[in-house]
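First residue of the sequence shown? That's 1 in the UniProt record's numbering, and the numbers climb one at a time after it. Ideal placement from N, C-alpha and C gives every residue a C-beta, glycine not left out.
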Amino acid sequence: MSLTVVGSIAFDAVTTPFGSREKMLGGAAVHFSLASSFFTDVRVVGPVGDDFGDAEYAVLRTRGTNTDDVEHVPGGETFFWRAHYEYDLNTAHTDDTRLGVFGTFEPKLSQASKDSEVLFLANIQPDVQRGVREQSNARFVALDSMNLWIETARDSLIKTIETVDCVLLNDAEIRQLTGKANLVQAAREIRALGPKVVVAKQGEYGAALLTDEGFFGLPAYPLETVNDPTGAGDSFAGGFVGYLAAHQGEDLSHQTLCRAMAYGTAIASYNVEEFGTERVSRLTRDEITARVGELQKITHFVDAPVALRA
């Protein structure tokens, strides 16, 4: 099955307590594509400038991602983001943002991208996301967003959420969007808007899945080495949605969604081990399979009933 992702393609400059990179490939569409391309054919839609060259395209095409709909804007500069992390790697501190060609991005999907069975709307302005949704013939659509759009374009974001099947936000954003302190109540309110599936990304604590069939929580894979969390959420989304794309045509049951969570979690865990796309661009399917198996092992237990005292 084919999958189209629409979002940012960027250069990032990142400093963490464990090192730094002055210019590395990044952006939501890039991290998502690298992860999802393990499962299905991926088409990426996003703008780049003259500074985006053959080396960057080579990484983006690592596992055959189709870049025909990458819009090269002559004379333009690719979106640039500079940030630093302290020892709390859950929070990125933005030091500089230069939108470049991304600032005037108006996605135009080719017929092939329109006809992809699955569409992922990465974190971009909600009106733009909705415009993409209206162009697409996808049978399953997932969406990501951020606190900025909740604060500045909430009504538009809600209209867009009403048109999709799955929402992936971090837990703070879910609470912010709904005004509900309780995550389960907040997710139920989002599902009432239309999406069947809500995924709450929880950083180093893992992720939670909420559907009509129930709740599923999965911890992050326990790592000894974490260098850069940039793109981890997009890598998780790529693994999650990519797994579902590989199972289009089947019933997307609660158990299928739970397994998709495991694959997204495994790929995201590799993402943070090194900077930017360095680790995922050379990741192998055997490594993913092994880590999913380890996740299954550490989250499984056998109940041995004991007589409880009254």
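I'd like to know whether the C-beta atoms of residue i and residue j end up nearer to each other than 8 Å.
{"i": "residue 167", "j": "residue 161", "result": "yes"}
{"i": "residue 269", "j": "residue 221", "result": "yes"}
{"i": "residue 299", "j": "residue 219", "result": "yes"}
{"i": "residue 59", "j": "residue 277", "result": "yes"}
{"i": "residue 74", "j": "residue 51", "result": "no"}
{"i": "residue 291", "j": "residue 266", "result": "yes"}
{"i": "residue 264", "j": "residue 293", "result": "no"}
{"i": "residue 65", "j": "residue 37", "result": "yes"}
{"i": "residue 80", "j": "residue 10", "result": "yes"}
{"i": "residue 243", "j": "residue 18", "result": "no"}
{"i": "residue 44", "j": "residue 69", "result": "yes"}
Hey, does residue i have any beta-carbon neighbour from chain B nearer than 8 Å?
{"i": "residue 148", "result": "No chain B is part of this structure, which consists of one protein chain only."}
Kindly list the residues whose CB is nearer than 8 Å to the CB of residue i, restricted to its own chain and excluding five residues on each side of it in sequence; keep chain order.
{"i": "residue 82", "result": "12, 13, 14, 94, 95, 96, 97"}
{"i": "residue 253", "result": "213"}
{"i": "residue 90", "result": "203, 204, 229"}
{"i": "residue 245", "result": "1, 2, 3, 36, 39, 40, 117, 118, 140"}
{"i": "residue 172", "result": "147"}
{"i": "residue 85", "result": "14, 15, 16, 17, 91, 92, 93, 228, 229"}
{"i": "residue 311", "result": "Outside the shown range of the chain (1 to 310) lies residue 311, about which nothing can therefore be said."}
{"i": "residue 285", "result": "38"}
{"i": "residue 255", "result": "none"}
Here's a check: name, in chain order, each residue in its chain whose Cβ is nearer than 6 Å to the Cβ of residue i, leaving out the five neighbours to either side.
{"i": "residue 41", "result": "2"}
{"i": "residue 226", "result": "272"}
{"i": "residue 126", "result": "149, 153, 156, 157, 160"}
{"i": "residue 119", "result": "4, 136, 138, 141"}
{"i": "residue 151", "result": "none"}
{"i": "residue 194", "result": "162"}
{"i": "residue 304", "result": "none"}
Let me make sure I understand the geometry here. Which of the options has the alpha-carbon closest to that of residue i?
{"i": "residue 261", "options": "44, 288, 70", "result": "288"}
{"i": "residue 237", "options": "308, 128, 226, 33", "result": "33"}
{"i": "residue 224", "options": "56, 274, 207", "result": "274"}
{"i": "residue 296", "options": "284, 259, 309, 92", "result": "259"}
{"i": "residue 56", "options": "71, 250, 26", "result": "26"}
{"i": "residue 92", "options": "207, 304, 128, 232", "result": "232"}
{"i": "residue 46", "options": "20, 16, 106", "result": "106"}
{"i": "residue 71", "options": "108, 87, 103", "result": "108"}
To which residues of the same chain is residue i closer than 7 Å at the C-beta, ignoring the five residues directly before and after it?
{"i": "residue 180", "result": "186, 189"}
{"i": "residue 123", "result": "7, 28, 144, 145, 146"}
{"i": "residue 257", "result": "197, 209, 211"}
{"i": "residue 78", "result": "9, 10, 11, 48, 49, 51, 52, 100, 101"}
{"i": "residue 23", "result": "11, 13"}
{"i": "residue 114", "result": "135, 136, 137"}
{"i": "residue 67", "result": "44, 57, 60, 61"}
{"i": "residue 129", "result": "121, 143, 160"}
{"i": "residue 207", "result": "199, 200, 201, 218, 236, 261, 265"}
Could you tell me how far apart the beta carbons of residue i and residue j are, in whole angstroms, since I believe they sit closer than 8 Å?
{"i": "residue 62", "j": "residue 281", "result": "5 Å"}
{"i": "residue 165", "j": "residue 200", "result": "Contact flag wrong, Cβ pair sits at about 16 Å."}
{"i": "residue 248", "j": "residue 139", "result": "7 Å"}
{"i": "residue 100", "j": "residue 76", "result": "6 Å"}
{"i": "residue 202", "j": "residue 182", "result": "At roughly 15 Å, the Cβ-Cβ gap does not stay under 8 Å, so residue 202 and residue 182 are not in contact."}
{"i": "residue 133", "j": "residue 163", "result": "5 Å"}
{"i": "residue 215", "j": "residue 184", "result": "7 Å"}
For this session: Note down, one range per segment and in chain order, each alpha helix (DSSP H) of at least 4 residues found wholly within the segment 103–180.
Result: 111–114, 126–135, 147–152, 154–161, 171–178
Problem set entry | Start-end ranges of the beta strand (DSSP E) lying completely within the segment 183–219, minimum 3 residues | 197–201, 207–211, 214–218
Exercise. Along the chain, which unbroken stretches of the alpha helix (DSSP H) at least 4 residues long are found entirely within the segment 8–96?
Worked result: 28–36, 54–60
Problem set entry | Inside the segment 217–283 only - alpha helix (DSSP H) runs reaching at least 4 residues | 232–246, 254–271
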